[in-house]
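Quick notes on the structure that follows.
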Amino acid sequence: MDTIESVGKCFFCNAEFSKAGISRHLNTHLKQQAKVMKPGISFHVRIEDDVPRGLYFLNLWVDGDTLMAEIDGFLRAIWLDCCGHMSAFTNPKERKRYSIFDVDAMESDDDDDEFMESSTKEILKKDTKLKYEYDFGSTTSLLLTVKEVFPVECPAGIELLSRNEPLEIMCDLCGKEPAAVICTTCYDPSLFCKKCAKKHAKTCEDFADYSSLPVINSPRMGVCGYDGGRIDKKRDGIFVKK
Ligand SMILES: [Zn+2]
Ligand SMILES: [Zn+2]
Ligand SMILES: [Zn+2]
Ligand SMILES: [Zn+2]
Numbered sequence: 022m023d024t025i026e027s028v029g030k031c032f033f034c035n036a037e038f039s040k041a042g043i044s045r046h047l048n049t050h051l052k053q054q055a056k057v058m059k060p061g062i063s064f065h066v067r068i069e070d071d072v073p074r075g076l077y078f079l080n081l082w083v084d085g086d087t088l089m090a091e092i093d094g095f096l097r098a099i100w101l102d103c104c105g106h107m108s109a110f111t112n113p114k115e116r117k118r119y120s121i122f123d124v125d126a127m128e129s130d131d132d133d134d135e136f137m138e139s140s141t142k143e144i145l146k147k148d149t150k151l152k153y154e155y156d157f158g159s160t161t162s163l164l165l166t167v168k169e170v171f172p173v174e175c176p177a178g179i180e181l182l183s184r185n186e187p188l189e190i191m192c193d194l195c196g197k198e199p200a201a202v203i204c205t206t207c208y209d210p211s212l213f214c215k216k217c218a219k220k221h222a223k224t225c226e227d228f229a230d231y232s233s234l235p236v237i238n239s240p241r242m243g244v245c246g247y248d249g250g251r252i253d254k255k256r257d258g259i260f261v262k263k
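Residue 22 is where the sequence shown starts when you use our numbering, and the numbers rise one by one after that.
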């Protein structure tokens, strides 16, 4: 997948940028917004998958009164939630992990609550980096970076400014059609277009039984039972050939 490019559209003007260029571009829009918005504090936050040359990213505009737990909730809703696993932010400098359970009945200790119930303005500064992990079994690791701070409020609390467009992942068998299904027990071939998935089902018992998952625009694709997010669903599917 080395040759796959990661691009995102600016949700203000619809222009397309590389992963490297979109954050800077969005800052120019936010500076304009800052001239007309109510005074307050807000952050331009980049979230990306924490692997070398990771391809998945989100750019968020987050209000200073938004809670860390609400960022956790947003990440679960757009990218992660399969069955309510535990998650945590870690500040690499403090080497401390702050955890949260998504299941209401579960308890977490007071320290954890305090961090997750803190507002972003208490935790984030320009250039703050936090590690985020979802599920301590089959972990999905993300990186949060504060790209810029603005002296105005973000009325929505959390606003999605950009995310990577569905990646150009092709079928491992025919190489011609976009992959739509992943077999989680097979390696190479493991990604199939709809047609080739039918062929694979004939040779792979697991696939026919339980190991088939949809290709999703998320770093949690193919993990646990992840089958898609609840927000921005139109960019959650497979890429469309031009
Ligand atoms: Zn733009
Ligand atoms: Zn799960
Ligand atoms: Zn195919
Ligand atoms: Zn298989």
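Backbone N, C-alpha and C fix where the C-beta goes; we use that ideal spot for every residue, glycine too.
Beta-carbon proximity list for residue i, same chain, < 6 Å, skipping 5 on both sides
i: Lys-150; result: Thr-166
i: Tyr-77; result: Asp-70, Asn-185, Pro-240
i: Ala-218; result: Val-202
i: Phe-110; result: Tyr-119, Leu-151, Tyr-153
i: Val-244; result: Ser-159
Identity of the residue in the options nearest residue i by Cα
i: Glu-26; options: Lys-168, Pro-172, Ala-41, Ala-109; result: Ala-41
i: Thr-184; options: Gln-54, Asp-253, Asp-71, Pro-73; result: The sequence given here has Arg at residue 184, not Thr. Comparing Cα positions, the closest option is Asp-253.
i: Gly-246; options: Tyr-231, Pro-172, Ala-222, Phe-157; result: Tyr-231
i: Ile-92; options: Val-173, Glu-189, Lys-223, Leu-164; result: Leu-164
i: Val-202; options: Gly-29, Gly-178, Ala-229; result: Ala-229
i: Glu-154; options: Pro-172, Gly-75, His-106; result: His-106
i: Thr-24; options: Gly-75, Arg-67, Val-57; result: Gly-75
i: Gln-54; options: Phe-171, Arg-256, Leu-96, Val-28; result: Phe-171
i: Gly-258; options: Glu-189, His-221, Lys-56; result: Glu-189
Rounded Cβ spacing between residue i and residue j (contact assumed at less than 8 Å)
i: Pro-187; j: Asn-238; result: 5 Å
i: Thr-161; j: Leu-101; result: 6 Å
i: Asp-86; j: Ser-140; result: 5 Å
i: Ile-62; j: Lys-147; result: The pair is not a contact, with the Cβ atoms about 11 Å apart (cut-off 8 Å).
Own chain, CB closer than 8 Å to residue i, minus 5 neighbours either side, in chain order
i: His-46; result: Cys-31, Ala-36, Phe-38
i: Asn-48; result: His-65, Lys-168, Glu-169
i: Cys-268; result: Missing from the structure shown is residue 268; the chain here goes from 22 to 263 and no further.
i: Asp-248; result: Cys-103, Leu-234, Pro-235, Ile-237
Cβ neighbours of residue i in the same chain (closer than 7 Å, five flanking residues each side left out)
i: Ile-144; result: Met-89
i: Cys-225; result: Cys-204, Cys-207
i: Cys-214; result: Cys-192, Cys-195, Glu-198, Pro-199, Ala-200, Ala-201
i: Arg-251; result: Ala-98
i: Asp-209; result: Asp-193
i: Met-58; result: Val-173, Glu-174
Go through the stretch 121-209 residue by residue and report every complete run of the beta strand (DSSP E) that reaches 3 residues or more, in order. 150-155, 161-173, 179-184, 202-204
Alpha helix (DSSP H) runs contained entirely in the stretch 59-108, provided each spans 4 or more residues: 89-96
For the stretch 213-262, which segments carrying the beta strand (DSSP E) assignment without a break, of at least 3 residues, lie completely within its bounds, in sequence order? 233-235
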